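Written below as structure tokens is the structure these notes are about.
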Amino acid sequence: MTDRSLPVVLCQTPATLLRTLRAEPPLVQCITNYVAMNIAANVLLAAGASPAMVWDAEEAGDFAAIAGALTVNIGTLSGPFVDGMRAAIRGAEGAGRPWVLDPVACQATALRRRVTAELVALEPTIIRGNASEIRALAGEASRGQGVDGRDSVTVAEDGARRLAVDSGAVVAVTGEVDYVTDGRRAVRIEGGSPFMPMNTALGCSLTCLCGAYAASAEEAFDATVGALAHFAVAGRRAHAGATGPGSFAPRFLDALHAVTPEELDAEAVIHATRAVPA
Amino acid sequence: MTDRSLPVVLCQTPATLLRTLRAEPPLVQCITNYVAMNIAANVLLAAGASPAMVWDAEEAGDFAAIAGALTVNIGTLSGPFVDGMRAAIRGAEGAGRPWVLDPVACQATALRRRVTAELVALEPTIIRGNASEIRALAGEASRGQGVDGRDSVTVAEDGARRLAVDSGAVVAVTGEVDYVTDGRRAVRIEGGSPFMPMNTALGCSLTCLCGAYAASAEEAFDATVGALAHFAVAGRRAHAGATGPGSFAPRFLDALHAVTPEELDAEAVIHATRAVPA
Amino acid sequence: MTDRSLPVVLCQTPATLLRTLRAEPPLVQCITNYVAMNIAANVLLAAGASPAMVWDAEEAGDFAAIAGALTVNIGTLSGPFVDGMRAAIRGAEGAGRPWVLDPVACQATALRRRVTAELVALEPTIIRGNASEIRALAGEASRGQGVDGRDSVTVAEDGARRLAVDSGAVVAVTGEVDYVTDGRRAVRIEGGSPFMPMNTALGCSLTCLCGAYAASAEEAFDATVGALAHFAVAGRRAHAGATGPGSFAPRFLDALHAVTPEELDAEAVIHATRAVPA
């Protein structure tokens, strides 16, 4: 890690968390969209965690109580899935488990705005989105309409801090440079590859990895930084040798698996920054 | 392109359309089947478009109004998805957007025959299927029962022309050699790879790419030819070096991404043919 | 095959079945989970079969009557899918077709326990699961809670035999070494790769391949051995040259496709064992 002030910001570095995650693979319940289910499961398995895509309201709450963390994603939203999310969130809260919200395209339709508002009010532990989504949640105008954010991460930093303070969640804005804040602390994380936004549902998969790290961490802020750093390091490694988005994908899973805790801390580019602008 | 008569047949060549598509990536709403969702999104991203798999009836119509095109696929059909298709088609029509129908295995069950008849009556801009599906839609007997067509494209050409005239849609029959007609004009497109039918849902993904091209084109006929040519050229490129269907897949996505507009026109093998048989 | 007693145990070797499967590709109806749908279809296509993920109750029974086999998987369980399973099982039974049950995480929730009990009572031809799932079905305590079994195959052999006798099904327990029994005969199958459990839904895909082999075989026991041997041989081939779970996946599909019937029998490591412990 390039920033010597990080030990002040992070209680547990990415290496510490990855070591825990691999020693005791957390069971992560992912209620995610149809597009993401396969790649998100493969991302968790490659990283070292154990995914389960259990979603139906009749069992989602029971399952949340035996899982280490829950992740909720509204990508291919429908009524039965929202019912499952509600049941799972109740189950996770009852069992004291962290849960992560991924507000995919939350500004695109009235249904999404309504469901997202309800979910944010249920107090997620972590919220991860692109710049357009986080700006929309923070009440700002945004240019994105679909699932791909059109705003740059930088313009979403103020909104992310406000959202973190208002919601009590750790907020992650991911893009070319990622930003993580709990309203008090903030870091930027560099890395990744320009082929990542050309691979569908990698953001959704990162949300699930945040859940895996949250199940292995003492603090949600450290967990979020750990998951994003793991993604950024693996993405940069996979970029070398990839000739396009297709050849990037298997390299990325290999890199998520291959990186050791020591390498993760050594290669992660994390900069502490001021959460409150000067 | 090998056929010098094409400028007479096409107002906009594949290169022209791909240039537009990449300059202003169209948002394409894909209501497709569970098998196809991930690979179809990756195909659109690799080609340069922006996919969104929004399908639920409560928001599908709203979303169709902000998307550049809609694609509808009945592969893993169920009641709620058909409701979503109806809402989205109304939304697309209200906003004057093109929409593409993929009648997967439309002849296999009573449910499929009924839903397909309803969707065709809603006047899709483009219909893309394999030979068995297009023959069934044209009222001919067919040998295919599942999702893989057992008829050759050639035997479906007459039916395709009739279907185009009757429905008002541009009709594409895809297989070893593709056939596109609007009832008046017709072309055959060569290329691709024998590994393509061993990769599930590539036909469904091509339907989504037809939507992306339709959002970028002045005419649906040109759009369909452009999407099919892009697939055929990328498929042929990807075949070189592939040792099976698994290694073909990442190469194909790389090739969809790598091909430039100029290369697309130079490498596409498109033959104008007579729409009305001699 | 390394065991000279196999001709006594198997009526049809894997090679014989694979030859039949490729000469007349069976249409296999797979009602599987959202995570598995794409990879399962690609596995069947690579092996030489023809998949169809038709599941809705309104058509699942009709479709089962035209398919060569049915496979049922409860991974991402919900009410409408269970209705579809019931309809499809009735259709398969009415048409005299084999069907395969994959009881994913059957011990995790009350819903899963109830649905699995109902499905087992409908007398599947084959049941394939990991050691935790098979032990749970046999009424034994198990350590697994999620989709990844934590028990070793060996400890599930007794339960598998009892389940086979009680249910009338051929039972397959898959893991590092696979075990297949019909209560009377039993074999162990070696091969595969440590990257396989890091690729999500490969077990679910193997269940679908059991269906393809069952459609091509005279006996369900031979079919199950054939499908597992095909997987094990392809897995071992794919492991060579793979550098992680990501690069394993395309190699595995290539290997499923490339292996010839002769090579399958030559490379399969199958040991006949005593079904009744000494």
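Chains as they are written, first to last, in this note's numbering: chain V, 140 to 417; chain P, 140 to 417; chain Z, 140 to 417.
Using N, Cα and C, we set each Cβ at its ideal position, and we do this for glycine too.
Bear in mind the structure is a predicted one, so any value in this text is a computation, not a measurement.
Once DSSP output is grouped into helix, strand and coil, what is the label at residue i?
{"i": "D195/V", "result": "coil"}
{"i": "A325/Z", "result": "strand"}
{"i": "T159/Z", "result": "helix"}
{"i": "T382/P", "result": "coil"}
{"i": "A231/V", "result": "helix"}
{"i": "V221/V", "result": "helix"}
{"i": "A407/Z", "result": "coil"}
{"i": "A311/V", "result": "strand"}
{"i": "V243/P", "result": "coil"}
{"i": "G214/P", "result": "coil"}
{"i": "V398/V", "result": "coil"}
{"i": "L372/Z", "result": "Residue 372/Z is actually Val in this sequence, not Leu. Residue state, collapsed to three classes: helix."}
{"i": "S291/Z", "result": "coil"}
{"i": "T363/V", "result": "helix"}
{"i": "A417/Z", "result": "No answer about A417/Z holds up, because its pLDDT of 47 lies below 50 and its placement is not dependable."}
{"i": "L149/Z", "result": "coil"}
{"i": "A154/Z", "result": "helix"}
If I measure Cβ to Cβ from residue i and keep anything under 7 Å in the same chain, skipping five residues before and after, which residues do I get?
{"i": "G374/Z", "result": "G330, G331, S332, M335, F391"}
{"i": "T412/P", "result": "A325, V326, R327"}
{"i": "R252/V", "result": "C245, Q246"}
{"i": "A417/Z", "result": "Per-residue confidence for A417/Z stands at a pLDDT of 47, beneath the threshold of 50, marking its modelled position as unreliable; no derived number is given."}
{"i": "E279/V", "result": "G298"}
{"i": "A234/P", "result": "A203, A204"}
{"i": "P165/V", "result": "A188, S189, G207, A208, A351, A354, S355"}
{"i": "V193/V", "result": "Q168, A199, F202"}
{"i": "A359/V", "result": "P237, T264, I265, V309, A353"}
{"i": "A368/V", "result": "P153, I328, L403, A407, I409"}
How would you list, in chain order, the residues of chain Z whose beta-carbon sits under 8 Å from the beta-carbon of residue i?
{"i": "R251/P", "result": "E198"}
{"i": "N177/P", "result": "N177"}
{"i": "F202/V", "result": "A247, T248"}
{"i": "L184/V", "result": "P336, M337, N338, T339, P384"}
{"i": "A388/V", "result": "G385"}
Identify, in the order they occur along the chain, each residue of the same chain with its Cβ nearer than 6 Å to the Cβ of residue i, setting aside the five sequence neighbours on each side.
{"i": "M224/V", "result": "I170, V211"}
{"i": "G383/V", "result": "none"}
{"i": "L240/Z", "result": "V211, L258, P263, I266"}
{"i": "G230/V", "result": "G200, A203, A204"}
{"i": "L156/V", "result": "Y352, S355, A356, G365"}
{"i": "A394/V", "result": "A373, R376, A377"}
{"i": "A185/V", "result": "L392, L395, H396"}
{"i": "G268/V", "result": "P242"}
Using the beta-carbon of each residue, which ones in chain V are nearer than 8 Å to residue i?
{"i": "F391/P", "result": "G385"}
Excluding the 5 residues flanking residue i on each side, which residues of the same chain have their C-beta closer than 8 Å to its C-beta?
{"i": "V167/P", "result": "L183, A188, S189, P190, A191, A206, G207, A208, L209, T210, C347, G350, A351, A354"}
{"i": "E402/Z", "result": "V372"}
{"i": "G214/Z", "result": "T171, N172, Y173, V174, A175, D241, V243, A244, V286, A340, C343"}
State the beta-bridge partners of residue i as determined by DSSP.
{"i": "P209/P", "result": "Checking the sequence shown, residue 209/P turns out to be Leu, not Pro. Its beta-bridge partners are Q168/P, W238/P."}
{"i": "T412/Z", "result": "A325/Z"}
Determine the chain P residues that contact residue i at a beta-carbon separation under 8 Å, and present them in chain order.
{"i": "H396/Z", "result": "M337, G383, P384, G385"}
{"i": "V174/V", "result": "M176, N177, A180, M192"}
Less than 7 Å between the CB of residue i and some heavy atom of the ligand MN, yes or no?
{"i": "A354/P", "result": "Ligands are entirely absent from the displayed structure, and the ligand MN is therefore not among its contents."}
Please compile the residues from chain Z whose C-beta is within a distance smaller than 9 Å of the C-beta of residue i.
{"i": "P219/V", "result": "S217, G218, P219"}
{"i": "A244/P", "result": "A191, V193, F202"}
In chain Z, which residues lie less than 7 Å from residue i when you measure between Cβ atoms?
{"i": "A379/V", "result": "Near A379/V there are no residues of chain Z at all, since even the closest Cβ is about 13 Å away, more than 7 Å."}
_Going residue by residue through the region 251 to 281 of chain Z, where are the continuous beta strand (DSSP E) segments of at least 3 residues, counting only ones entirely within it?_
265 to 268
*Let me know the alpha helix (DSSP H) ranges lying completely inside the region 166 to 195 of chain P, each 4 residues or longer, listed in chain order.*
176 to 186
*What residue ranges within the region 313 to 359 of chain V form continuous beta strand (DSSP E) runs of no fewer than 3 residues, ordered along the chain?*
Fully enclosed beta strand (DSSP E) runs of 3 or longer: 317 to 320, 324 to 329.
*Looking at chain B, which residues of the region 329 to 353 of chain P have a Cβ within less than 8 Å of any of its Cβ atoms?*
No chain B is part of this structure, whose protein chains are labelled V, P and Z.
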